[in-house]
Amino acid sequence: DARVTQTPRHKVTEMGQEVTMRCQPILGHNTVFWYRQTMMQGLELLAYFRNRAPLDDSGMPKDRFSAEMPDATLATLKIQPSEPRDSAVYFCASGLPGDYTFGSGTRLTVV
Amino acid sequence: EDQVTQSPEALRLQEGESSSLNCSYTVSGLRGLFWYRQDPGKGPEFLFTLYSAGEEKEKERLKATLTKKESFLHITAPKPEDSATYLCAGLTQGGSEKLVFGKGTKLTVNP
């Protein structure tokens, strides 16, 4: 089965450090989402891309977060500088409109 | 503002005890209503998409239905392996279409 691959699966970092999370979408999928999941807020949309172009990043704190899609096989989410409140599970999902597959997530802990 | 609300937050059932999960939505121009299943430590796994009021879809012991204001996930004679968090999401319309998630219902089925 085709799947969305996210790396790393787990990341522990110190406050103030840069964190980069990567996502390899399923080949042929033209939409990529980044979500953050916490117990309190559930799944929150951070950013998404269609055909590699950013369409909506209104859910993302612009001063510290950035999302890019340098090519069709890679999407990245960066946090610089990281803060303890960024601790969460970050999911990438890819698909065609109406059919989306999620990766297994990156569990980020900022101490 | 687009919003999806799920109830109850948690549900405990005995094996074989049928029940329903509720998802109410206020999503302008809803393009689709999605149900996902999420197991601990994993990403959401796609179950169903419903597109119009009156539509129903079934998969094993699960049946999803859709009205103009809400969706139900009916679980018939559940088994312990059905224990998971069930997430509902609305797909918004327009060029900036995106999935808006509810916070989920955590289902526990006791043997």
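In order, the protein sequence lines correspond to chains U and A. At position 58 of the first sequence the residue is numbered 58 (our numbering), and the sequence of numbers has no breaks. Position in the second sequence (from 1) plus 111 gives the number in our numbering. Just so you know, even glycine gets a beta-carbon here, dropped at the ideal spot from N, CA and C.
Same chain only: Cβ atoms within 8 Å of residue i, ignoring 5 sequence neighbours per side
| i | result |
| --- | --- |
| T101 of chain U | A2, R3, V4, I26, H29, A93, S94 and G95 |
| E181 of chain A | N133, C134, S135 and Y136 |
Same chain, Cβ closer than 7 Å to residue i, neighbours up to 5 away in sequence not counted
| i | result |
| --- | --- |
| R64 of chain U | I79, Q80 and P81 |
| T20 of chain U | T76 and K78 |
| D193 of chain A | R172, I186, L218 and V220 |
| S104 of chain U | Q6 and R9 |
| V12 of chain U | T109 and V111 |
| E83 of chain U | M15 and V110 |
| R52 of chain U | M69 and A72 |
Chain U contact residues for residue i, given Cβ-Cβ distances below 7 Å
| i | result |
| --- | --- |
| G143 of chain A | G98 |
| L202 of chain A | G98 |
Listed by chain order, chain A residues near residue i by CB distance under 7 Å
| i | result |
| --- | --- |
| G105 of chain U | G154 |
| F49 of chain U | Ordered by position in chain A, no residue passes the 7 Å Cβ test against F49 of chain U, which lies about 11 Å from the chain. |
| F91 of chain U | G154 |
Inter-residue CB distance, residue i and residue j (contact presumed, cutoff 8 Å)
| i | j | result |
| --- | --- | --- |
| R22 of chain U | Q6 of chain U | 7 Å |
| G140 of chain A | L161 of chain A | Contact doesn't hold; Cβ gap of about 15 Å is too wide. |
| Y48 of chain U | F91 of chain U | 12 Å between Cβ atoms; not a contact. |
| G59 of chain U | L46 of chain U | 5 Å |
| G54 of chain U | A72 of chain U | Reading off the sequence, residue 54 of chain U comes out as Pro, not Gly. Between A72 of chain U and P54 of chain U the Cβ distance is about 14 Å, and since that is not below 8 Å, they are no contact. |
| K170 of chain A | F183 of chain A | In fact, because the Cβ distance is near 14 Å, the residues do not count as touching under 8 Å. |
| E167 of chain A | K174 of chain A | 6 Å |
| L202 of chain A | F145 of chain A | 7 Å |
Buried versus exposed call for residue i [16 or more other C-beta atoms within 10 Å across all chains shown]
| i | result |
| --- | --- |
| V89 of chain U | buried |
| D86 of chain U | buried |
| M15 of chain U | exposed |
| G152 of chain A | exposed |
| S131 of chain A | exposed |
| P155 of chain A | buried |
| T69 of chain U | It should be pointed out that residue 69 of chain U corresponds to Met in this sequence rather than to Thr. Buried. |
| K209 of chain A | buried |
| Q117 of chain A | buried |
Contact list for residue i against chain U, beta-carbon separation under 9 Å
| i | result |
| --- | --- |
| G215 of chain A | G42 and L43 |
| T160 of chain A | G98 and D99 |
Contact set between residue i and chain A, taken where Cβ atoms lie within less than 8 Å
| i | result |
| --- | --- |
| T101 of chain U | F157 |
| F33 of chain U | K209 and L210 |
6 Å CB neighbourhood of residue i in its chain, flanking five on each side removed
| i | result |
| --- | --- |
| T178 of chain A | A164 |
| V32 of chain U | P25, F49, A75 and S94 |
| D150 of chain A | A195 |
| R112 of chain U | There is simply no residue 112 of chain U to check, as chain U begins at 1 and stops at 111 in what is shown. |
The segment 187-201 of chain A touching the segment 211-222 of chain A, judged by at least three CB pairs closer than 8 Å = yes
Quick one: any contact between the segment 124-135 of chain A and the segment 176-192 of chain A, if contact means 3 or more CB pairs under 8 Å? yes
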